[in-house]
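Asks:
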Amino acid sequence: MPSGAEWFIVLLVVLLIFGGSQLPKMARNLGRAQQELKKGFAEANKEAEAEAGEDSTK
């Protein structure tokens with residue numbers, strides 16, 4: 001796992017590549033993607049639990 005100094009360097013490189021105006025948009029998109037991923041995992045878990053419940057009743 002990267003330490004604090006390594007994260008700072010990565011952030012600095014990203015800032016230099018994309019510029020300050022693009023960072024909020026990128027962060028927003030990353031947050032939305034993370035939300036969708038969590039929703040997908042939750043839905044998959046519900047489906048798996050429902051299937052497991054159906055299998056045990058047979």
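Per the working numbering, the sequence shown starts with residue 1, numbered consecutively. By construction, the Cβ of each residue, glycine as well, lies at the ideal position given by its N, Cα and C atoms. None of the values given here were measured: they were computed from a predicted structure.
(1) Under three-state DSSP, which class holds MET26?
(2) Can LEU23 and LEU12 be called in contact, C-beta distance under 8 angstroms?
(3) According to DSSP, is GLY20 part of a helix, a strand, or is it coil?
(4) Could you check the C-alpha separation between MET1 and TRP7 for me, to the nearest Å?
(5) Roughly how many angstroms lie between the CA atoms of LYS25 and GLN34, to the nearest whole one?
Replies: For this structure:
(1) helix
(2) no
(3) coil
(4) 10 angstroms
(5) 14 angstroms
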